[in-house]
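*Asks:* Sharing a structure with you now.
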Amino acid sequence: DLGPRIAHALLPIKGKGGSDWSYSWIPVFGPVVGGVIAGLAAGPLLPILT
């Protein structure tokens, strides 16, 4: 979602709408936060599951 949003903001397209940057943090930081949570959960869970 971030790549197309940046391209939309930078390209001079006639009559285009806004890039809606107020929502952009969700698809950018959501996977990062999910990865951190998964990494923290993997430590205690791996000894139990293996």
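Residue numbers for the sequence shown follow the working numbering, so the first one is 1033 and each next one is one higher.
Backbone N, C-alpha and C define an ideal beta-carbon position, used for all residues, glycine too.
(1) Could you say which of ILE1080, LEU1077 and ARG1037 lies nearest to SER1054 if we only look at CA atoms?
(2) Under three-state DSSP, which class holds GLY1049?
(3) Secondary structure at LEU1043, three-state DSSP: helix, strand or coil?
(4) Round the Cβ separation of PRO1059 and LEU1034 to the nearest angstrom and send it over; I've been treating them as touching at under 8 Å.
*Replies:* This is what the structure gives:
(1) ARG1037
(2) coil
(3) coil
(4) 7 Å
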